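Report on the structure given below.
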Amino acid sequence: MKIAVAGGTGLVGKFAVTAAENRGHEVVSISRKNGIDLTSGEGLVEALGGVDVVIDVTNKTTLSAKAARKFFSTVTNNILSAEAQTGVKHHVALSIVGIDEIDGGYYAGKLEQERTIQKGTIPYTIARSSQFHEFVTQQLQSMPGPIALLPKCLMRPVAAREVGQHLVDLAEGKPLKRTTDLVGPRNEVLADLARRQISFDGLRKLVLEFPLPGVFWKRHGFRRFAWKGRNN
Ligand SMILES: NC(=O)c1ccc[n+]([C@@H]2O[C@H](COP(=O)([O-])OP(=O)(O)OC[C@H]3O[C@@H](n4cnc5c(N)ncnc54)[C@H](OP(=O)(O)O)[C@@H]3O)[C@@H](O)[C@H]2O)c1
14 MKIAVAGGTG LVGKFAVTAA ENRGHEVVSI SRKNGIDLTS GEGLVEALGG
64 VDVVIDVTNK TTLSAKAARK FFSTVTNNIL SAEAQTGVKH HVALSIVGID
114 EIDGGYYAGK LEQERTIQKG TIPYTIARSS QFHEFVTQQL QSMPGPIALL
164 PKCLMRPVAA REVGQHLVDL AEGKPLKRTT DLVGPRNEVL ADLARRQISF
214 DGLRKLVLEF PLPGVFWKRH GFRRFAWKGR NN
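My numbering applies: residue 14 is where the sequence shown begins, and numbers increase by one.
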């Protein structure tokens with residue numbers, strides 16, 4: 014099978030590329046580093062020649078709903094259009110667990126991405142996962158300096174490697190529209206994880222928490238997991 018990974022140089026993208034190669038698939042990794050800017054789509058039709066399945070794990074780091082919607086709708090439309098021209102049979106996209114009803118900030122872009130895929134003509138599988146273990150480091154690295162300000166929330170982290178393998182499992186199968194969410198085995202408090210990571214890395218950084226506003230709190234706050242307790 015020939016699989017294209019859009020965002021193949023990113024955190025989860027690298028794992029998807031490796032998993033697909035290890036299983037003997039021919040893999041095309043698409044990103045700006047590899048010469049294709051998906052916001053313009055230039056060169057994409059050529060890159061998708063002979064491709065059976067596209068796994069989309071592109072990303073834009075932003076808290077602006079407007080910027081997130083623009084990025085994910087533009088990139089998704091460009092990929093879907095190139096897929097239609099080249100006969101790609103299956104579009105697999107990675108989204109995030111629990112984002113329904115949170116049509117704001119970064120999540121607005123992910124919901125827009127899901128809607129764009131659902132409205133399109135290419136058979137698809139939307140896979141949602143919880144935050145990666147590596148998300149904690151991504152957050153800390155985005156806040157250089159002595160203080161890290163993190164939202165007060167619970168998460169069920171999953172390894173990005175496992176998510177990459179899961180996406181290749183899905184690419185090998187039939188389009189499912191939506192598939193079962195992939196989440197880690199236990200609840201963790203984001204700030205606790207960050208403190209443990211800082212200690213493990215031997216760094217000095219103070220972690221402060223701020224409460225999530227409104228609907229974000231309802232979906233990701235402590236109450237959502239309260240019935241299960243913190244670590245079961
Ligand atoms: N992080 C998490 O905890 C988590 C959890 C659940 C789901 N997800 C989803 O997983 C996806 C991947 O996340 P990640 O953390 O692995 O992302 P990442 O490390 O930021 O990687 C993003 C990838 O997208 C590519 N990219 C960005 N802009 C591009 C453009 N204009 N044209 C072509 N390629 C572009 C980047 O390559 P270049 O910079 O070379 O272009 C890179 O390969 C996201 O959609 C995210 O919503 C993430």
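Note that beta-carbon positions come from the ideal geometry of N, C-alpha and C, so glycine has one too.
Since the structure is predicted, the reported quantities are computational estimates derived from the model, not experimental observations.
Answer with buried or exposed for residue i, where buried requires no fewer than 16 other C-beta atoms within 10 angstroms of its C-beta.
i	result
Glu201	buried
Lys250	Lying outside 14 to 245, the shown extent of the chain, residue 250 is not represented and no answer is given.
Gly26	buried
Glu114	exposed
Leu206	buried
Asn72	buried
Thr134	exposed
Leu219	exposed
Gln210	buried
Arg213	First, the amino acid is wrong: residue 213 is Phe here, not Arg. That one is exposed.
Using DSSP with H/G/I as helix, E/B as strand and the rest coil, what is residue i?
i	result
Thr89	helix
Asp182	helix
Lys190	strand
Thr75	coil
Ser142	strand
Ala161	strand
Asp205	helix
Ala32	helix
Leu124	helix
Lys46	coil
Leu153	helix
Val171	strand
Ala24	This sequence places Leu at residue 24; Ala is not what is there. If DSSP states are grouped into helix, strand and coil, Leu24 belongs with the helices.
Thr52	coil
Ile112	coil
Gly117	coil
Please tell me whether residue i and residue j are closer than 7 Å, where the distance is taken between their beta carbons.
i	j	result
Ala140	Leu162	no
Thr22	Thr52	no
Ile68	Val18	yes
Leu167	Val105	no
Phe145	Ala173	yes
Val176	Ser142	yes
Ile16	Val70	no
Arg169	Val149	no
Pro136	Pro188	yes
Ala95	Val41	no
Gly111	Ala78	no
Gln151	Ala32	no
Leu153	Tyr119	no
Thr129	Thr74	no
Glu222	Lys132	no
Leaving aside the five residues before and after residue i along the sequence, list all residues of the same chain whose C-beta is less than 7 Å from its C-beta, in chain order.
i	result
Gly48	Gly56
Val30	Val18, Gly21, Val40, Ser42
Gly62	Thr99
Phe238	The predicted position of Phe238 is uncertain, since its pLDDT is 43 and thus under 50; a value taken from the coordinates is nonetheless stated next. So the list reads Leu167, Asn200, once near-sequence residues are dropped.
Below 6 Å CB to CB, which residues in the same chain sit around residue i once its five sequence neighbours on both sides are set aside?
i	result
Glu125	Arg82, Phe85, Ser86
Thr192	Thr138, Ala140
Glu34	Val40
His38	Met14, Ile16
Check the DSSP bridge columns for residue i and list the partner residues they point to.
i	result
Pro224	Lys165
Leu68	Inspection of the sequence shows that residue 68 is occupied by Ile rather than by Leu. Ile68 is bridged to Val18, Val105.
Leu195	Ser142
Glu39	Lys15
Leu219	Ile160
Tyr137	His104
Return yes when at least one heavy atom of ligand 3 lies under 6 Å from the C-beta of residue i, else no.
i	result
Phe148	Ligand 3 is not among the ligands present in this structure, which contains only ligand 1.
Is the Cβ of residue i closer than 7 Å to any Cβ of chain D?
i	result
Ala78	Protein chain content of the structure displayed is limited to a single chain, and chain D is not contained in it.
Give every residue of the same chain whose Cβ lies closer than 8 Å to the Cβ of residue i, excluding the five residues on either side of it in the sequence, and list them in chain order.
i	result
Glu127	Ala106, Ser108, Ile139
Lys123	Ala81, Phe85, Ser108, Ile109, Ile112
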